[in-house]
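Novice: Let me give you the structure first, and then I'll get to my questions.
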Amino acid sequence: MAQIGEAFGHVPSDPVSEDPFPEPQSLFSDTHKSGNCTVILQWGESVWNPFPCCAAKKRGCGFSGCVVDMKAVFAEFISMALFVYIACGTACSNGAGNDASRLMVAFAFGMSILVLAYSVAHHSGGHINCAVTFALVLSGVTPWRQGLIYTVSQLLGSLLGATLLMLTYDCDHDMTGSLGANVVADGFSYWQVFLAEALCTFMLVYVIFENAVTSQSSSGKNACLVIGFAVFIAHTILLPIDGCSINPTRSFGPAIISALRPCGNSDIGLRDLWIMWVGPLFGAAVAALVYRPFSHLVLLKVIYHWLWLGLLLIVVVVVLFMFYGMLVLVFFCFLHLYVTACWKQV
Numbered sequence: 014m015a016q017i018g019e020a021f022g023h024v025p026s027d028p029v030s031e032d033p034f035p036e037p038q039s040l041f042s043d044t045h046k047s048g049n050c051t052v053i054l055q056w057g058e059s060v061w062n063p064f065p066c067c068a069a070k071k072r073g074c075g076f077s078g079c080v081v082d083m084k085a086v087f088a089e090f091i092s093m094a095l096f097v098y099i100a101c102g103t104a105c106s107n108g109a110g111n112d113a114s115r116l117m118v119a120f121a122f123g124m125s126i127l128v129l130a131y132s133v134a135h136h137s138g139g140h141i142n143c144a145v146t147f148a149l150v151l152s153g154v155t156p157w158r159q160g161l162i163y164t165v166s167q168l169l170g171s172l173l174g175a176t177l178l179m180l181t182y183d184c185d186h187d188m189t190g191s192l193g194a195n196v197v198a199d200g201f202s203y204w205q206v207f208l209a210e211a212l213c214t215f216m217l218v219y220v221i222f223e224n225a226v227t228s229q230s231s232s233g234k235n236a237c238l239v240i241g242f243a244v245f246i247a248h249t250i251l252l253p254i255d256g257c258s259i260n261p262t263r264s265f266g267p268a269i270i271s272a273l274r275p276c277g278n279s280d281i282g283l284r285d286l287w288i289m290w291v292g293p294l295f296g297a298a299v300a301a302l303v304y305r306p307f308s309h310l311v312l313l314k315v316i317y318h319w320l321w322l323g324l325l326l327i328v329v330v331v332v333l334f335m336f337y338g339m340l341v342l343v344f345f346c347f348l349h350l351y352v353t354a355c356w357k358q359v
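Set out below in structure tokens:
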């Protein structure tokens, strides 16, 4: 039976004696060890095991995704903060109004992902994108609990990076006027933006699956190079359309922070933020479905927790501008606790 580790979705492992499950081989390091579980995907007899924790479950781990690796979570937080500051900072310094500046910004985004993914891949897999995390969770490569915490850390990192941008570029020196937030360009409809974002995110995630996840890839440890160029290509297409998201967490921080500073029309990024989530997440989900079918039980559980996270983010935004949002937040917290308690009885 051939076994592959989740190369792009790092999860903790447990050194146990006479382990019947060999350690998974990662694309970015020989082994990953920390926490209490080793999570692998099992292949054999032409049947795919869509539950990556089934093997680890025999060692005391629940199906919920085993132990969360906080070192990996911190790596995602730092890398996202640096990504937003460096890549969006290039846009703030140069703008994106002509071909030369667009090429420079596209190159900065691609190279930032390349450098940061290489740097933290041995810790977290180097997602640095909640659309990538979403696809890896749906495909069973990353446990949903680890993926959920990854997304929260990426969002916080995006806010930190955007805050540092605000401290670096005041309203007069920010060439974008919105800290590099994604804004739908004049002449383009939301449907066109949705289609473009979904297709380019599909391309990115499919490249990740075929180069960083599959054991048959010929790219080896050069996968980050291929992924960086995929990000570069996506930006050359999408920069004139909406500034190129393909990464909802990258769009989140600049949109929120720019809306809070008094720079006139700086809240336009917040207006278009929703489409920067819908398009990329849809494209990522399709890529996961194309690459590998998944269990409906896993899908239902993932959808619930990601919808909960989405509602929580909406409420957080509302709280920033409306006191009554706090009441809604309390309601959703009690609802989440109730549903989670019921789920444990199933």
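Each residue of the sequence shown is one higher than the last, beginning at 14 in my numbering.
For glycine and all other residues, C-beta sits at the position ideal for the given N, C-alpha and C.
1) What do you get for residue 255, buried or exposed, if any count of 16 or more other CB atoms within 10 angstroms of its CB means buried?
2) What does a CB cutoff of less than 8 Å around residue 270 pick up in its chain, not counting 5 residues either side in sequence?
3) Can you tell me where the alpha helix (DSSP H) with residue 237 in it begins and where it stops?
4) First and last residue of the alpha helix (DSSP H) that includes residue 219?
5) Using only CA atoms, which one of 160, 146 and 106 lies nearest to residue 118?
6) Three or more beta-carbon pairs under 8 Å between the region 119 to 134 and the region 240 to 255, yes or no?
7) Are the beta-carbon atoms of residue 116 and residue 262 separated by less than 9 Å?
8) Using CA coordinates, which residue listed in 89, 266, 234 and 322 is at the minimum distance from residue 102?
9) Go ahead and pull the three-state DSSP assignment for residue 192.
10) Going by the beta-carbon positions, is the gap between residue 289 and residue 268 smaller than 9 Å?
11) Taking the continuous alpha helix (DSSP H) assigned at residue 112, which residues delimit it?
12) Taking residue 154 as the reference, which of 170, 213, 227 and 162 has the closest Cα?
13) What distance in whole Å lies between the Cβ atoms of residue 206 and residue 292, which are believed to be in contact at a cut-off of 8 Å?
14) Are there any heavy atoms of the ligand FAD lying less than 8 Å away from the beta-carbon of residue 113, as far as the coordinates show?
15) Kindly say whether residue 223, judged by its beta-carbon, lies nearer than 9 Å to any beta-carbon of chain C.
16) Consult DSSP for residue 224 and reduce its assignment to one of helix, strand or coil.
17) Mind checking residue 198: buried by the 16 CB within 10 Å criterion, or exposed?
18) Could you give the residue range of the alpha helix (DSSP H) that holds residue 293?
19) Considering residue 105, what are the terminal residues of the alpha helix (DSSP H) in which it resides?
20) I'd like the list of long-range same chain contacts for residue 90, defined as Cβ closer than 8 Å, with 5 residues on each side in sequence excluded.
21) In whole angstroms, give me the CA-to-CA distance for residue 286 and residue 209.
22) Please identify the residue among 264, 245 and 253 whose C-alpha is closest to the C-alpha of residue 200.
23) Is the beta carbon of residue 237 closer than 9 Å to that of residue 127?
24) Near residue 129, what residues of its chain come up, given a Cβ to Cβ distance below 8 Å and the 5 sequence neighbours on each side ignored?
25) In chain order, what residues of the same chain lie with their CB nearer than 6 Å to the CB of residue 299, ignoring the 5 residues before and after it?
26) To the nearest angstrom, report how far apart residue 305 and residue 204 are at their CA atoms.
27) What number of angstroms, rounded off, separates the C-alpha of residue 149 from the C-alpha of residue 280?
28) Using CA coordinates, which residue listed in 86, 194, 143 and 87 is at the minimum distance from residue 284?
Specialist: Once the coordinates are examined:
1) As a working note, residue 255 is residue 242 in the sequence shown. Burial call: buried.
2) As a working mapping, residue 270 is identified with position 257 in the sequence shown. These residues qualify, in order along the chain: 172, 175, 176, 178, 179 and 192.
3) Residue 237 sits at position 224 when you count from the first residue of the sequence shown. Per DSSP, residue 237 belongs to the alpha helix (DSSP H) from 236 to 255.
4) Reading the sequence shown from its first residue, position 206 is the one you call residue 219. Note, residue 219: alpha helix (DSSP H), 203 to 221.
5) For the purposes of this step, residue 118 is taken as residue 105 along the sequence shown, with counting starting at 1. When each option's Cα is compared against that of residue 118, the closest is 106.
6) Contact between the region 119 to 134 and the region 240 to 255 is present, because at least three Cβ pairs lie under 8 Å.
7) For the purposes of this step, residue 116 is taken as residue 103 along the sequence shown, with counting starting at 1. For the purposes of this step, residue 262 is taken as residue 249 along the sequence shown, with counting starting at 1. Not closer than 9 Å, so no.
8) Numbered from its first residue, the sequence shown carries residue 102 at position 89. Answer by Cα proximity: 266.
9) Here the question's residue 192 lines up with position 179 in the sequence shown. In this structure, residue 192 counts as coil in the three-state DSSP scheme.
10) Looking up residue 289 in the sequence shown gives position 276. Looking up residue 268 in the sequence shown gives position 255. Between residue 289 and residue 268, the C-beta gap is smaller than 9 Å, which places the two residues in contact.
11) Within the sequence shown, numbered from 1, the residue matching residue 112 stands at position 99. Following the DSSP letters along the chain, one finds residue 112 inside the alpha helix (DSSP H) bounded by residues 112 to 137.
12) Here residue 154 corresponds to residue number 141 of the sequence shown, with the count starting at 1. It is 227.
13) The residue given as residue 292 occupies position 279 in the sequence shown. The residue given as residue 206 occupies position 193 in the sequence shown. Contact flag correct, Cβ pair sits at about 6 Å.
14) This structure lacks the ligand FAD, and indeed carries no ligand of any kind.
15) The structure shown has no chain C; it contains just one protein chain.
16) As a first step, residue 224 is located in the sequence shown; it is residue number 211 there, counting from the start. Correct three-state label for residue 224: helix.
17) Along the sequence shown, one-based indexing puts residue 198 at 185. That one is exposed.
18) Within the sequence shown, residue 293 is the residue found at index 280, counting from 1. Residues 286 to 304.
19) Against the sequence shown, residue 105 aligns to sequence position 92. Note, residue 105: alpha helix (DSSP H), 102 to 107.
20) Here the question's residue 90 lines up with position 77 in the sequence shown. The answer, listed in chain order, is 166, 167, 169, 170 and 173.
21) Counting from 1 along the sequence shown, the entry for residue 286 is found at position 273. Counting from 1 along the sequence shown, the entry for residue 209 is found at position 196. Rounded to whole angstroms, residue 286 and residue 209 show a C-alpha spacing of 15 Å.
22) Your numbering for residue 200 matches position 187 in the sequence shown. 253 is the residue among 264, 245 and 253 whose C-alpha sits nearest the C-alpha of residue 200.
23) As a first step, residue 127 must be located in the sequence shown, where it is residue number 114. As a first step, residue 237 must be located in the sequence shown, where it is residue number 224. It is a contact, given that the beta carbons lie within the stated cut-off.
24) Locating residue 129 in the sequence shown gives position 116, counting from the first residue. These residues qualify, in order along the chain: 92, 95, 96, 139 and 141.
25) Mapped onto the sequence shown, residue 299 falls at position 286. 215, listed in sequence order.
26) Counting from 1 along the sequence shown, the entry for residue 305 is found at position 292. Counting from 1 along the sequence shown, the entry for residue 204 is found at position 191. Using only the alpha carbons, I get a separation of about 27 Å.
27) The count along the sequence shown starts at 1 and reaches residue 149 at position 136. The count along the sequence shown starts at 1 and reaches residue 280 at position 267. Spanning the two alpha carbons is a distance of roughly 32 Å.
28) Numbered from its first residue, the sequence shown carries residue 284 at position 271. Closest by alpha carbon: 194.
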